[in-house]
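Numbered according to this note's numbering, the sequence shown spans residues 102 to 323.
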Amino acid sequence: MDIYGLRELNELLLNAFIFSSNVWMFKSRDEMIEYFCDHVIECDICTAVVVSDESGEHYRINENVLKCRYLNYIPRVFSLVNAEYCECEDVKHKILLSIPVSNRTAVYIFLKDSDEEAVQILKDMATVLSGAIENLEIKIELSAMVSRLKANLEHFEYLSDRLRNPLSVIIGVCELKDAIDTEKAFEMVRESAEKIKSVLDNLADAEVKSKEMFERVHDNNI
102 MDIYGLRELN ELLLNAFIFS SNVWMFKSRD EMIEYFCDHV IECDICTAVV VSDESGEHYR
162 INENVLKCRY LNYIPRVFSL VNAEYCECED VKHKILLSIP VSNRTAVYIF LKDSDEEAVQ
222 ILKDMATVLS GAIENLEIKI ELSAMVSRLK ANLEHFEYLS DRLRNPLSVI IGVCELKDAI
282 DTEKAFEMVR ESAEKIKSVL DNLADAEVKS KEMFERVHDN NI
């Protein structure tokens, strides 16, 4: 490797280190992806970087590659594409790196040269981006779960209060059975029982939703 190539590689290593250290601090996937693009495009070996995400396309370009046909496909595996196959016109790049980040996100990096070490570093950066996005989504899911559990506890407290009144009526009817008309007593007990059933149905619904939420978070972490 010549001196220029070594300098390029050292620059890429430094950018990869900075990116990998700091990307975890961001609070949105858009910010993470933008940060990734900023650090990749700073390297001389890179002519363009495009990230196709569910939120849209993020890119930094030093040449017009936005019409590249490979940008229309989400890759399932990592691939190296020679520039002559991507059919871009008047381009500076020789190689296109196509890297899947998730089912909904892909990274495309256009390079002047095919350097094995540089390619590996860029793959590692994309892997870090994938991990950071996944970690963020887990945090968001857990935060939503905690909020839901808090709401459930408040709802349970409310339903508990709603149970007290019909139970008090039933207890009162039992205590005053000799002083209340039988038909009236049965009607009061029936109405109270229906109210209790309604509360218990609400409790069952809340329990099902809580279980579904726990299962979803558990499945995402397997």
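Built from N, CA and C at the ideal position, the CB exists for glycine as well.
>> Out of His140, Leu181 and Asp225, which one is the CA nearest neighbour of Ile71?
In response: Outside the shown range of the chain (102 to 323) lies residue 71, about which nothing can therefore be said.
>> Once the 5 residues before and after Asp103 are set aside, which same chain residues still bring their CB inside 8 Å of it?
In response: Residue mapping note: residue 103 aligns to position 2 of the sequence shown, counting from 1. For Asp103, the pLDDT reaches just 47, beneath the cut-off of 50, and the residue's location in the model is therefore unreliable, although a value from the coordinates is still provided. Nothing listed; no residue qualifies.
>> Starting from Ser122, trace the alpha helix (DSSP H) in both directions and tell me its first and last residue.
In response: Reading the sequence shown from its first residue, position 21 is the one you call residue 122. Looking at the DSSP string, the run of the alpha helix (DSSP H) that includes Ser122 is Ile104 to Asn123.
> Using the rule of at least 16 other Cβ atoms within 10 Å of the residue's Cβ for burial, across every protein chain shown, is Asn165 buried or exposed?
Replying inline: Here the question's residue 165 lines up with position 64 in the sequence shown. Asn165 should be labelled exposed.
> Cα separation between Ser248 and Ser299?
Replying inline: Sequence index remark: in the sequence shown, residue 248 carries index 147 (1-based). Sequence index remark: in the sequence shown, residue 299 carries index 198 (1-based). Straight-line Cα distance between these residues: approximately 24 Å.
> Would the segment 234–251 and the segment 177–196 be scored as touching if the rule is three or more Cβ pairs under 8 Å?
Replying inline: no
> Cα separation between Ser121 and Phe127?
Replying inline: Residue numbering aside, residue 121 sits at position 20 when the sequence shown is read from its first letter. Residue numbering aside, residue 127 sits at position 26 when the sequence shown is read from its first letter. In a straight line, the C-alpha of Ser121 is about 12 Å away from that of Phe127.
>> Between the alpha carbons of Thr206 and Glu295, how many angstroms are there, rounded?
In response: On the sequence shown, residue 206 is found 105 positions in, with the first residue counted as 1. On the sequence shown, residue 295 is found 194 positions in, with the first residue counted as 1. Near 51 Å, if we compare the C-alpha coordinates of Glu295 and Thr206.
> Since Phe211 sits in a beta bridge, which residues does DSSP pair it with?
Replying inline: Walking along the sequence shown from the start, residue 211 turns up at place 110. According to DSSP, which records beta bridges pairwise, Phe211 is partnered with Ala149 and Leu197.
> Is the beta carbon of Cys147 sitting closer than 8 Å to the one on Ile210?
Replying inline: Walking along the sequence shown from the start, residue 147 turns up at place 46. Walking along the sequence shown from the start, residue 210 turns up at place 109. Yes, they are a contact pair.
>> If you measure between the beta carbons of Asp225 and Ala149, is that distance less than 8 Å?
In response: Locating residue 225 in the sequence shown gives position 124, counting from the first residue. Locating residue 149 in the sequence shown gives position 48, counting from the first residue. No, Cβ-Cβ distance for Asp225 and Ala149 is not below 8 Å.
> Going by the CB atoms, is the gap between Ser215 and Ile200 shorter than 8 Å?
Replying inline: Translated into positions along the sequence shown, residue 200 becomes position 99. Translated into positions along the sequence shown, residue 215 becomes position 114. Not in contact: Ile200 and Ser215 (Cβ atoms no closer than 8 Å).
> What is the residue span of the beta strand (DSSP E) that Ile162 lies within?
Replying inline: Walking along the sequence shown from the start, residue 162 turns up at place 61. Gly157 to Ile162 is the extent of the beta strand (DSSP E) around Ile162.
>> If you follow the beta strand (DSSP E) that Val182 is in, where does it begin and where does it stop?
In response: Locating residue 182 in the sequence shown gives position 81, counting from the first residue. First-last of the beta strand (DSSP E) with Val182: Ser180 to Asn183.
> How would you write the range of the alpha helix (DSSP H) that Ile142 sits in, first residue to last?
Replying inline: Here the question's residue 142 lines up with position 41 in the sequence shown. Here the alpha helix (DSSP H) through Ile142 covers Arg130 to Ile142.
> Which residues does DSSP pair with Ser203 in a beta bridge?
Replying inline: Numbered from its first residue, the sequence shown carries residue 203 at position 102. Per DSSP, Thr206.
> Quick one: what's got a C-beta closer than 8 Å to Ile119's C-beta in the same chain, skipping five residues either side?
Replying inline: Looking up residue 119 in the sequence shown gives position 18. His140.
>> On a Cα-Cα basis, can you pick out the residue from Val192, Arg291, Glu143 and Ile234 that is closest to Cys169?
In response: Translated into the one-based positions of the sequence shown, residue 169 becomes position 68. Ranking the options by Cα distance to Cys169, first place goes to Val192.
> Apart from the five residues just before and just after Leu114, which ones in its own chain have a Cβ nearer than 8 Å to its Cβ?
Replying inline: Counting from one through the sequence shown, the residue named residue 114 turns up at place 13. Correct list, in chain order: Ile222.
> Exposed or buried, Lys213, counting other C-beta atoms within 10 Å across all chains shown (16 or more means buried)?
Replying inline: The residue given as residue 213 occupies position 112 in the sequence shown. Looking at its Cβ environment, which holds 16 or more other Cβ atoms inside 10 Å, Lys213 is buried.
>> According to DSSP, is Asp262 part of a helix, a strand, or is it coil?
In response: Locating residue 262 in the sequence shown gives position 161, where the first residue counts as 1. In this structure, Asp262 counts as helix in the three-state DSSP scheme.
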